Amino acid sequence: MKVKERARFRRGAYLIPSLFTTGNLLCGYIAVVRSVQGEFEWAAIAVFIAALLDRVDGWVARLTGTTSDFGVQFDSLADVISFGIAPALLAYLWALSALPKPWSLAPFLYLATSAARLARFNIQAPGQDKRYFVGLPTPAAACAIAASVFYDPVRVADPITGFLVMILVVTLSILMVSKVRYRSFKEIDLRRRVRWVIVLVMALVFFVVAGYPQEVGLLLSFAYLLSGLLPRLRPAGRQEPRPAPAGGRDGRP
């Protein structure tokens, strides 16, 4: 009987990460609906929550030992909605719909490269260095767009501002399929005892975010965006070990 109960519990445990992935997918759907309704601030918030759930489902899968091929594929399909379609539509309706036709196609470029980024992630060979992603992760790219919208959610009417947003969207598109490396923070082991200093820092960050959500969101998003570019400005003689992204739920596409 105990063996059957243990097996039943094990099967139930595999559903837990997928519940977070479903929440990610729901937030992507909400972001699309809110964008169409012109509620850009709420659409941006939905993208942020989707990114958080996308991160949590990977943590939960690792902590419970419930990684699976189904989870990997389900996660990627959800990510296409939440971090591909949703931010592309949000950027278009918020700032790019009034631009000339060639420039207004930038969100489609973003959608295509985000899908390519996720496909490339899924076929990466296992056993690679998990500390880094190769190419900007799709949640980070989506959060950069969402943070820009969240900072000023009023529909953009100025063509100059719209052109700058278009440049941002194209830049994110290029970075997603580039060879630029970004930290994955996968080396953080949540099963180890967390030091009180880390807890204190996290509490401080929480209060700062609560007080200045727009400013902090924009700062964090673009700081991560630049974190992969700045090391490439180092002298050619200084090289680091060449990592590559890992497959499965252990990474984030």
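Following numbering that gives the first Met the number 0, the numbering of the sequence shown begins with 0 at its first residue and continues without gaps. Just so you know, even glycine gets a beta-carbon here, dropped at the ideal spot from N, CA and C. A quick note: this is a predicted structure, and the numbers were derived from the prediction, not measured.
In the DSSP assignment, F184 falls outside any alpha helix (DSSP H), carrying neither H nor E. V168 places its beta carbon less than 9 Å from that of Y109.
Around F19, the same chain offers L52, V55, D56 and V59 as residues with beta carbons nearer than 7 Å, after the five sequence neighbours per side are excluded.
By the C-beta criterion, the region 92-103 is judged to be in contact with the region 153-164, since at least 3 inter-stretch pairs fall below 8 Å. If you check the CB distance, A43 and G27 do not come in under 9 Å. When only Cα atoms are considered, G37 and A87 end up about 14 Å apart.
With a contact defined as Cβ atoms closer than 8 Å, F73 and S17 qualify at about 6 Å. Under DSSP, Y131 takes part in a beta bridge, and its partners are R182. Relative to I173, the option among T137, V204 and F206 whose CA is nearest is T137. By the C-beta density criterion, G64 is exposed, having fewer than 16 other C-beta atoms within 10 angstroms.
Of the residues assessed, D68 falls on the exposed side of the cut-off, its CB having fewer than 16 other CB atoms within 10 angstroms.
Taken through DSSP and simplified to helix, strand or coil, S67 comes out as coil.
Inter-residue distance for S81 and A145 is about 11 Å (C-alpha atoms, whole angstroms). By a beta-carbon distance limit of 8 Å, A143 contacts L171. Their separation comes to about 6 Å. Excluding residues up to 5 positions away in sequence, A77, I80 and S81 lie with their Cβ nearer than 7 Å to the Cβ of L24 in the same chain. By the CB criterion at 9 Å, F149 and G216 fall inside the cutoff. Sorting A85, A139 and S113 by C-alpha distance to the C-alpha of W41 places A85 at the top.
Under the DSSP assignment, A156 falls outside any alpha helix (DSSP H); it carries neither an H nor an E label. When rounded, the separation of the alpha-carbon atoms in L199 and F184 is 19 Å. Annotation for E214: Y150 place their beta carbon closer than 8 Å to its own, counting only its chain and skipping 5 residues before and after. Annotated as proximal: L89 and F39, with beta-carbon spacing under 9 Å. Collapsing the DSSP output to three states places P99 in coil.
Relative to L62, the option among I15, V32, A49 and W102 whose CA is nearest is I15.
In this structure, S113 sits near M175, with a CB-CB distance shorter than 9 Å. Under the criterion of beta carbons closer than 8 Å, V133 and R182 do not qualify as touching, at roughly 12 Å.
In the three-state reduction of the DSSP assignment, S75 falls in the helix class, which pools H, G and I.
Nearest C-alpha to A115 among L229, K100 and L135: L135.
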